[in-house]
Amino acid sequence: MRDIGLSRPVLAAGVGLDNMRIMDGLTPAPDLDFTEDELHRYSRHILLGEVGAIGQARLRQARVLVVGAGGLGSPLTLYLAGAGVGTIGLIDHDTLELSNLQRQVAHTTGRIGQPKVESMAATLRALNPLTKVETHYRRLDEATAKDLIPRYDIVCDGTDNFPTRFLLGDCCHRLGRTLVSAAVLRFEGQLSTYKSYLGAPHPCHRCLNPEPPPPGLVPSCGEAGVLGAVTGVMGTLQATEVLKEIIGIGESLSGRLLLWDALDTRFRTIRLKRDPACSLCGAGG
Ligand SMILES: [Zn+2]
Numbered sequence: 008m009r010d011i012g013l014s015r016p017v018l019a020a021g022v023g024l025d026n027m028r029i030m031d032g033l034t035p036a037p038d039l040d041f042t043e044d045e046l047h048r049y050s051r052h053i054l055l056g057e058v059g060a061i062g063q064a065r066l067r068q069a070r071v072l073v074v075g076a077g078g079l080g081s082p083l084t085l086y087l088a089g090a091g092v093g094t095i096g097l098i099d100h101d102t103l104e105l106s107n108l109q110r111q112v113a114h115t116t117g118r119i120g121q122p123k124v125e126s127m128a129a130t131l132r133a134l135n136p137l138t139k140v141e142t143h144y145r146r147l148d149e150a151t152a153k154d155l156i157p158r159y160d161i162v163c164d165g166t167d168n169f170p171t172r173f174l175l176g177d178c179c180h181r182l183g184r185t186l187v188s189a190a191v192l193r194f195e196g197q198l199s200t201y202k203s204y205l206g207a208p209h210p211c212h213r214c215l216n217p218e219p220p221p222p223g224l225v226p227s228c229g230e231a232g233v234l235g236a237v238t239g240v241m242g243t244l245q246a247t248e249v250l251k252e253i254i255g256i257g258e259s260l261s262g263r264l265l266l267w268d269a270l271d272t273r274f275r276t277i278r279l280k281r282d283p284a285c286s287l288c289g290a291g292g
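In terms of this note's numbering, the sequence shown opens at residue 8 and continues consecutively.
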């Protein structure tokens, strides 16, 4: 291991080398050579024994693809950039509209009309110039998914439609990438992590919903509305799970679905089982 400057006070309490749970993180053998600026910026992380210098180095080394630069993507990418994730890829084909700003708080009124990926990238670069932001201003189709997903370590679904969600879930399973997926509607949100490429007992998204619902059956936020702060909570929970997966700490949300009802202020977690007959990860695949 390289000298990480233990005399620096910020590291004294939280190198984190004693925590074996972090050895399961996505990015092995990270470079522990930090600049003074990095040590200062990330000192509250490094103080956490569960994160420490190794966890912070894993964040710096990580490449995260965020699909959807909207209401979920706003808090998600802000916290990933603030946390020091090394590279964030943004894919979205929309331009910013006035009606987005009620919940898509990484954007600004002055940027209406700009591609959302460029507006969000500007916000993230201003927050943390050490994070590299890669923008992909296009719709996620199958060819794009197959091209982009292998270039990243972990994928976040912050989209608002079922065809894209299913395409993303299928591609992440087949290409061997962890998918952290959040969704919101009206006053409710849900969140799960999918690692079905690792095999049993990890379920995939089709173990939960074998096929997308028929068009028109489930309304979108554009049709049914959403409380802006609900997207903020779910995007922040999504960021937390992404950081846990990268660092390799805590209990993964794989195999569990978190449900939140904001009106009742009630969280529930239900077990997701891998379906042996699943059309993607089981005998039907
Ligand atoms: Zn499955």
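Where a beta carbon is used, it is the ideal one built from N, C-alpha and C, also for glycine.
On a predicted model such as this, the values are computed, not experimentally measured, just so you know.
How would you write the range of the alpha helix (DSSP H) that S66 sits in, first residue to last?
As a first step, residue 66 must be located in the sequence shown, where it is residue number 59. Reading off the sequence, residue 66 comes out as Leu, not Ser. Segment G59 to Q68, the alpha helix (DSSP H) holding L66.
Where do the N-terminal and C-terminal ends of the alpha helix (DSSP H) with L175 fall, by residue?
Here the question's residue 175 lines up with position 168 in the sequence shown. Residues F169 to L182.
On the DSSP letters alone, give me the boundaries of the alpha helix (DSSP H) that G235 sits inside.
Working through the sequence shown from its first residue, we reach residue 235 at position 228. Counting along the chain, the alpha helix (DSSP H) containing G235 begins and ends at G235 to I254.
Report the rounded CA-to-CA distance for I29 versus C211, giving the unit in angstroms.
Position 22 of the sequence shown, counted from the start, is the residue given in the question as residue 29. Position 204 of the sequence shown, counted from the start, is the residue given in the question as residue 211. Low local confidence applies: a pLDDT of 41 at I29 is under 50, so the model's placement there is unreliable, with the coordinate-based value given in what follows. Between I29 and C211, the C-alpha separation is close to 24 Å.
If we ignore side chains and look at the alpha-carbon of each, how far apart do I277 and P222 end up?
For this step, residue 277 is matched to residue 270 along the sequence shown. For this step, residue 222 is matched to residue 215 along the sequence shown. Each residue's Cα considered, the two are about 26 Å apart.
Using DSSP's beta-bridge definition, name the partner residues of P122.
Position 115 of the sequence shown, counted from the start, is the residue given in the question as residue 122. Bridge partners of P122: T102.
Helix, strand or coil: which one does DSSP assign to H52?
Here residue 52 refers to the residue found at position 45 when the sequence shown is read from its first residue. H52: helix per DSSP, three-state reduction.
For E195, which residues from the same chain have a beta carbon less than 6 Å from its beta carbon, with the 5 sequence-adjacent residues on both sides left out?
Position 188 of the sequence shown, counted from the start, is the residue given in the question as residue 195. Closer than 6 Å at the Cβ level, and outside the excluded window around E195, lie D268.
Answer yes if the stretch 99-109 comes into contact with the stretch 180-196, meaning at least three C-beta pairs across the two stretches below 8 Å, and no otherwise.
no
Check the DSSP bridge columns for D164 and list the partner residues they point to.
One-based indexing of the sequence shown puts residue 164 at position 157. Looking at the DSSP assignment, D164 forms a beta bridge with V74 and S188.
How long is the line joining the alpha carbons of I98 and H47, rounded to whole angstroms?
Taking the sequence shown and counting its residues from 1, the one referred to as residue 98 is at position 91. Taking the sequence shown and counting its residues from 1, the one referred to as residue 47 is at position 40. Those two C-alpha atoms are separated by around 31 Å.
Spell out the partners DSSP gives I277 in its beta bridges.
Walking along the sequence shown from the start, residue 277 turns up at place 270. Answer is L264, bridged to I277.
Could you tell me if the beta carbon of G196 falls within a distance shorter than 7 Å of some heavy atom in ligand 1?
Locating residue 196 in the sequence shown gives position 189, counting from the first residue. G196: no, Cβ never under 7 Å from ligand 1.
Beta-carbon distances below 5 Å to any heavy atom of ligand 1 define the shell here; list its residues in chain order, please.
C211, R213, C214, C285, L287 and C288
Count the other CB atoms within 10 Å of the CB of K123; is the residue buried (16 or more) or exposed (fewer)?
Reading the sequence shown from its first residue, position 116 is the one you call residue 123. K123 should be labelled buried.
Contact between the stretch 242-256 and the stretch 218-234 (3+ Cβ pairs under 8 Å):
no
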